[in-house]
Structure formats: structure tokens, C-alpha cells
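This report concerns only the one structure given below.
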Amino acid sequence: MSTDPNKWVAGHVATLPKSGIRDFFDLVAKMKGQDVISLGVGEPDFVTPWRVREAAIYALEHGKTYYTANLGLIELRRAISKYVAEHFGVEYSPDNQVLVTVGVSEAVDLAFRAFCNPGDKVMFHQPCYVSYHPSVTLVHGTGIAVPTYAKDNFALTAEALRAAWQPGAKILMLNLPCNPTGGTCTREQLEKIAEFCREKDMLVLSDEIYSELTFDGVHTSIASLPGMAERTVFLHGFSKAFAMTGWRIGYACGPAVLVDAMMKVHQYSMMCASIISQEAAIEALTHGWDDVCRMREQYHRRRDLVVRRFNEIGLKCHSPRGSFYAFPNVTATGLDEKQFAVQLLEREKVAVVPGQAFGENGAGHVRACFATSYEQLIDACDRMERFVGAKR
Amino acid sequence: MNPVLKLLLEGGSLSTAQMAQVAGISPAEVEQHLEQLKKDKIFLGWRPVLDLSREAAAAAAVRAVIEVKVTPERGGGFNRFAERLAKFDEVESCYLMSGRYDLLVFVRGASLQKVASFVSEKLSTVEGVLSTATHFILRCYKEQGYLLDSDEDNSSRLTVSP
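Residue numbers (the working numbering), protein chains in the order written: chain S, 7 to 398; chain P, 783 to 944.
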């Protein structure tokens with residue numbers, strides 16, 4: 007008897023849209039071998055610093071091939087605790103307030119699963135990383151997108167938050183600096199957001215994966231503001247600052263009760279992060295800071311280069327205060343972001359990601375990752391200049 | 783720091799026009815910075831980093847590192863001697879060292895015999911040389927920051943990712 011396997015797919019998964027990035031990835035994949043310059047990636051172009059890779063090899067040589075504690079290796083949790091205290095000004099006990107996860111992505115997923123009841127409302131600023139809204143949907147929560155705007159350099163404002171707020175909103179998801187906009191908040195802006203969260207008694211999930219890549223001013227974690235540590239889960243990882251995307255290693259820090267709840271889900275699903283990656287992460291935290299600074303300096307100059315060129319070309323682009331993404335407005339070409347990205351790829355072989363992939367508020371923009379060499383960036387900008395010029 | 787010097791230090795191979803874009807200045811300003819660096823004797827010249835073992839015509843060239851002990855001169859120390867030694871074309875680099883010997887000299891010659899005769903006929907006969915120890919370089923693994931025979935491969939990276 008033949009049967010339709012579709013009926014076995016859960017309803018809320020069947021209706022979940024595929025990531026817009028996926029479509030574009032397929033399009034780019036078809037052009038393999040055609041001298042495509044990709045500004046479409048979400049990862050550093052640097053290889054993980056050798057000292058970190060070498061630490062992983064050493065760990066393997068010494069037989070580190072087993073499970074670790076659910077929370078993660080205590081040495082790593084101590085290193086994380088120290089690092090977060092020094093760089094973000096928040097104290098977490100390595101004993102029960104730090105959870106090592108498989109990338110910050112797992113930490114985000116755990117947080118929603120641990121804190122979101124079916125029907126609970128989760129606010130997030132948009133454009134945003136592709137997984138936040140689907141993760142909320144997967145736990146049967148309701149997402150509330152709060153728009154951010156180019157005029158504010160895509161910083162989240164308390165005004166926009168208040169305007170979008172609905173009674174019963176329980177969680178605020180932050181990602182500052184933001185993928186894809188590079189937008190982030192000043193301390194003053196964050197203080198107003200914090201005040202709003204205290205007023206509405208909301209829990210904050212703060213994904214600060216790009217925090218080390220802040221170019222203008224100093225990064226402030228909302229967890230460090232008065233009265234916020236008790237209502238914030240700080241989410242971070244090694245992928246971006248330490249160029250360790252493939253290692254899949256991240257962490258969550260927060261009040262012991264909340265970390266314990268996340269740990270329960272982690273325990274029954276992932277169990278623990280890879281011990282090899284955990285060993286490598288210890289090395290990154292204890293000796294890798296110079297590497298982070300070296301890479302940040304490179305990103306900073308690349309940012310200045312592409313933002314200047316985009317604006318000269320006629321693609322209006324704010325200067326992202328952090329991350330390695332520029333998010334120019336492409337509407338001056340008379341194209342929408344999807345047409346722009348597709349035609350730019352076909353005609354000039356430059357891949358950028360249409361802004362709609364990051365939510366409807368990304369309309370009119372494309373994401374261009376500047377984590378690639380100067381030569382490639384200059385070449386890509388020249389090609390884009392030719393493309394935009396031909397549209398005039 | 784001079785923005786052009788900063789780029790030079792990173793060891794990239796950017797053209798003047800590319801440097802101008804990266805530093806956010808005009809190509810003419812890059813040239814001015816280069817001129818100033820030359821005037822200040824900071825920027826001495828261009829030299830590519832090469833793996834000559836892959837070039838048949840040059841593969842026979844020999845490099846050696848020579849430890850030299852000398853008698854320092856009253857008043858001049860090691861300088862007069864080192865400067866004299868450094869003027870030989872065979873000498874690529876010459877350093878005053880702390881430790882068991884005084885000067886470390888990097889020498890290149892077309893063949894082993896040429897380097898050997900330079901050491902025995904020129905270097906060791908200079909007045910003040912007490913002893914030399916010559917170490918021939920057998921193989922190079924990393925040259926001025928560049929890995930030779932690097933097997934690192936980035937080609938399987940995704941071209942689009944979230």
C-alpha cells in the first residue's frame with residue numbers, strides 16, 4: 007500500500023518556511039567554478055589560529071575522546087567565567103551559571119525550549135539572524151518582530167520596542183551587534199531598553215556573538231546594566247571572534263535556575279559539546295586574545311573600505327558599528343533586493359544575500375559580508391560599481 | 783603609525799591603487815607616504831618572498847647561516863666589522879647577537895662551493911674573526927610568514943551561509 011509521507015511531518019514544521027538563504031545558496035552553487043566572489047558568507051575568512059588547532063590535536067593525542075559533564079569541562083567554564091567578567095563586566099559562577107553548548111545556535115534553541123510555553127510571546131528586532139523566529143515557532147511560541155531602521159543605523163530603540171509590544175510579551179531576544187545589519191546599541195539606548203524590560207518584567211536573551219567585532223565605541227552587554235543580570239541570559243560563542251565556526255562551540259550564562267533549565271534540555275538532547283572543541287576553546291580564551299585583536303583590526307579597515315565604496319557607487323550604506331556585515335540599500339538601482347542579488351550574481355558574479363532572508367524589514371537591502379581579502383573586496387566593489395552604473 | 787607602513791607590515795601584495803582604497807586615501811598620498819618612508823630610511827625596498835625550490839634555474843642556490851665570533855674593537859665595538867661584512871653581495875642579512883657568538887650572517891650562493899669559498903676566503907680571513915660555524919640550510923618550511931607546501935584548503939567553504 008502506498009502512503010504519503012507528508013502526513014508524518016509535524017504541522018508546525020511542514021508550514022515553517024525554509025530559510026531564504028537556502029534558495030540563494032542553491033543559485034550560487036549552480037555557478038560553481040565561474041569566478042564568483044562571495045560576499046554571502048556568515049563566517050570569518052580566517053582559518054582558526056594555529057595555536058587553537060594545535061591544542062585540539064594535542065587533546066586528541068592525549069586521548070581526550072570522551073563525554074564531558076553536561077555543563078561542559080569545568081576548566082572551560084572557569085575560563086568563560088573569567089573572560090565574561092573581564093570583557094563584559096558580569097560575574098557568573100562556573101559551577102552553576104555557565105553552560106557550554108554546540109555553538110551559540112544550540113544555546114538559542116535551548117533558551118526558547120526552556121523558557122517559552124506554547125503561545126508565549128517573544129519579541130525580536132528585525133532584520134535579524136535567520137533562526138530566531140523559526141526557533142520560536144518550533145516551540146509553539148509567537149514571534150513579534152520589532153523593526154529597526156537604517157536611519158538609526160539599525161540600532162534597536164526603546165520607542166520601537168514599546169510600539170510593537172503586546173500584553174503578555176515574555177521574552178526579548180537581542181542580537182547586538184546584529185547579523186545582518188551590523189547595528190548595535192549605545193549604552194544609553196541599551197539602558198532605555200533595559201528599563202522597558204524591567205517595567206514589563208521581561209526576560210532578555212542576549213546573543214552577543216559579534217560583540218568582540220565592535221569597531222566604534224565600546225560594546226556594552228545588557229546583562230551588565232543594573233538589575234539586568236537577574237533577567238538576562240547571556241549567549242555567546244567562539245565562531246566569529248576566534249574564527250571557529252566549524253568547531254560548533256558556544257555558551258550560555260545566566261541565573262542558576264535558568265541555566266539549570268537549559269541544561270535539562272541540553273542533557274536530554276545534545277548531552278555535551280564535543281570535548282575536542284571544548285579543549286580548543288580553552289586555548290582560545292586563555293591565549294587567543296591577540297588573534298582576536300588582529301582579526302578585528304582587519305575587519306575594521308575592510309568595513310571602512312566597503313562602506314565608503316558602496317556609498318560612492320550610489321548604494322546608500324550606514325556604517326555598521328560591529329559584525330562583519332554591510333547592509334546597503336539597493337533601491338536606488340530601481341531593483342528590489344532579490345532582483346538586485348540575482349542580477350548581480352548573473353552579470354557580475356558577485357554573491358550578496360537579499361535582505362528579505364532576514365525578515366521583511368530587510369526589504370530593499372542586501373547583506374554583504376566583508377570577511378574576505380582586500381583584493382577580493384576591491385574587485386567585488388568594482389564589479390558592483392559596473393553593475394549599478396549600467397542600471398542608471 | 784603611517785597607514786601605508788601598517789599595510790606594508792601586514793605583508794600583503796597590494797598595488798598602490800589597492801593600498802589607497804584600503805587606507806581610504808588617494809594613490810598620490812600613498813606615493814607620498816612611501817617616499818617619506820624611504821626618506822626616513824624605514825622603507826628600504828621591495829623584495830618578493832619566493833620558494834625557489836620550485837624554480838629549476840634557481841633551485842641549486844644554497845643558503846647558509848654562519849655564526850661568527852669576532853674580537854670587538856676598542857671604540858667601535860662590533861659595528862665596523864659587521865658593516866664591512868654586510869657589504870659582501872653574498873650576505874643577505876647580518877645581525878649582532880647575544881649569546882655564544884657575536885654575529886649571525888645569512889649567506890646565499892649559486893652553489894655549495896661558492897658559499898664555502900666565500901666563508902674560507904673572504905669571511906674567515908677578515909681581521910678580527912676568531913671563528914666561524916657554517917650551517918647549510920637543507921629545507922625551508924616557512925619563509926617570512928609564508929608557509930611553503932601549505933596544505934590548507936579553503937575551497938570547500940560554503941559560498942553562502944547564514
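Even for Gly, the Cβ is constructed at its ideal location relative to N, Cα and C.
Per DSSP, cross-strand counterpart(s) of residue 132(S): Your numbering for residue 132(S) matches position 126 in the first sequence. Paired residues: 153(S).
Extent of the continuous beta strand (DSSP E) run through residue 12(S): Sequence index remark: in the first sequence, residue 12(S) carries index 6 (1-based). Looking at the DSSP string, residue 12(S) is not in any beta strand (DSSP E), and its letter there is neither H nor E.
In DSSP terms, what residue 44(S) is bridged to: For the purposes of this step, residue 44(S) is identified with residue 38 of the first sequence, where counting begins at 1. Partner(s): 357(S).
Residue-chain proximity (residue 135(S), chain P), Cβ-Cβ < 8 Å: In the first sequence, residue 135(S) corresponds to position 129, counting from 1. Residue 135(S) counts as touching chain P.
Chain-ordered chain P contacts of residue 384(S) [CB-CB under 7 Å]: Indexing the first sequence from 1 puts residue 384(S) at position 378. Chain P residues near residue 384(S): 800 and 803.
For residue 303(S), the first and last residue of its enclosing alpha helix (DSSP H): The residue given as residue 303(S) occupies position 297 in the first sequence. Counting along the chain, the alpha helix (DSSP H) containing residue 303(S) begins and ends at 295–319.
Assigned secondary structure, residue 215(S) (DSSP; H/G/I helix, E/B strand, else coil): What you label residue 215(S) is simply residue 209 of the first sequence in a count that begins at 1. Reduced to three states, the DSSP call for residue 215(S) is coil.
Inter-residue Cα distance where the pair is residue 368(S) and residue 357(S): Within the first sequence, numbered from 1, the residue matching residue 368(S) stands at position 362. Within the first sequence, numbered from 1, the residue matching residue 357(S) stands at position 351. C-alpha separation (whole angstroms): 17 Å.
Between the CA atoms of residue 9(S) and residue 210(S) - distance to the nearest angstrom: Working through the first sequence from its first residue, we reach residue 210(S) at position 204. Working through the first sequence from its first residue, we reach residue 9(S) at position 3. For residue 210(S) and residue 9(S), the distance between alpha carbons rounds to 45 Å.
Residues of its chain near residue 264(S), where Cβ-Cβ distance is below 6 Å and the 5 sequence neighbours each way are ignored: Against the first sequence, residue 264(S) aligns to sequence position 258. Hits under 6 Å: 239.
Test item: CB-CB of residue 152(S) and residue 166(S) under 8 Å: Position 146 of the first sequence, counting from 1, holds the residue named residue 152(S). Position 160 of the first sequence, counting from 1, holds the residue named residue 166(S). For residue 152(S) and residue 166(S), yes; Cβs fall inside 8 Å.
Cα-Cα separation, residue 354(S) to residue 387(S): Taking the first residue of the first sequence as position 1, residue 354(S) is located at position 348. Taking the first residue of the first sequence as position 1, residue 387(S) is located at position 381. Going by the C-alpha atoms only, they are around 10 Å apart.
Collapsed DSSP secondary structure at residue 181(S) in the structure displayed: Within the first sequence, numbered from 1, the residue matching residue 181(S) stands at position 175. DSSP places residue 181(S) in strand when its eight states are reduced to three.
Three CB pairs or more closer than 8 Å across the stretch 66–81 of chain S and the stretch 195–203 of chain S: no
Sub-8 Å separation of residue 30(S) and residue 360(S) beta-carbons: For the purposes of this step, residue 30(S) is identified with residue 24 of the first sequence, where counting begins at 1. For the purposes of this step, residue 360(S) is identified with residue 354 of the first sequence, where counting begins at 1. A contact, by the Cβ cut-off of 8 Å.
Beta-ladder partner(s) of residue 845(P), from DSSP: As a first step, residue 845(P) must be located in the second sequence, where it is residue number 63. In DSSP, residue 845(P) forms a bridge with 890(P).
Bridge partner(s) assigned by DSSP for residue 875(P): Taking the second sequence and counting its residues from 1, one reaches residue 875(P) at position 93. DSSP lists 888(P) as partners of residue 875(P).
Any C-beta of chain S under 8 Å from that of residue 811(P): For the purposes of this step, residue 811(P) is identified with residue 29 of the second sequence, where counting begins at 1. It does not: the Cβ of residue 811(P) has no partner Cβ on chain S nearer than 8 Å.
9 Å Cβ cut-off: residues of chain P touching residue 160(S): Position 154 of the first sequence, counted from the first residue, corresponds to residue 160(S). The contacting residues do not exist; residue 160(S) stays about 17 Å from chain P at best.
Residue 187(S) and residue 154(S) closer than 8 Å at C-beta: Numbered from 1 along the first sequence, position 181 holds the residue referred to as residue 187(S). Numbered from 1 along the first sequence, position 148 holds the residue referred to as residue 154(S). Against a cut-off of 8 Å, the Cβ pair of residue 154(S) and residue 187(S) comes out as a contact.
Exposed unless 16 or more other CB atoms sit within 10 angstroms - verdict on residue 208(S): Within the first sequence, numbered from 1, the residue matching residue 208(S) stands at position 202. Classification of residue 208(S): buried, given that the 10 Å Cβ count is 16 or more.
Cut-off 6 Å between Cβ atoms - residues of its own chain near residue 347(S), not counting five sequence neighbours on either side: Residue mapping note: residue 347(S) aligns to position 341 of the first sequence, counting from 1. Result list for residue 347(S): 358, 360 and 372, in chain order.
Same chain only: Cβ atoms within 7 Å of residue 879(P), ignoring 5 sequence neighbours per side: Looking up residue 879(P) in the second sequence gives position 97. Closer than 7 Å at Cβ, skipping near neighbours: 885 and 886.
Straight-line Cα distance separating residue 804(P) from residue 344(S): Position 338 of the first sequence, counted from the start, is the residue given in the question as residue 344(S). Position 22 of the second sequence, counted from the start, is the residue given in the question as residue 804(P). One C-alpha to the other measures close to 29 Å.
Cβ-based neighbour list, residue 251(S), same chain, cut-off 6 Å, excluding 5 preceding and 5 following: Numbered from 1 along the first sequence, position 245 holds the residue referred to as residue 251(S). If we look at residue 251(S) and ignore the five residues flanking it on each side, its Cβ neighbours are 49 and 245.
Residue 38(S) - DSSP class collapsed to helix/strand/coil: Sequence index remark: in the first sequence, residue 38(S) carries index 32 (1-based). Note: residue 38(S) maps to coil in three-state DSSP.
Neighbour list for residue 913(P) in chain S, Cβ cutoff strictly below 7 Å: Taking the second sequence and counting its residues from 1, the one referred to as residue 913(P) is at position 131. Under the 7 Å cutoff, chain S gives no residues; its nearest Cβ is about 37 Å from residue 913(P).
Chain P contacts made by the stretch 296–315 of chain S, where a contact means CB separation under 7 Å: 307, 310, 311 and 314
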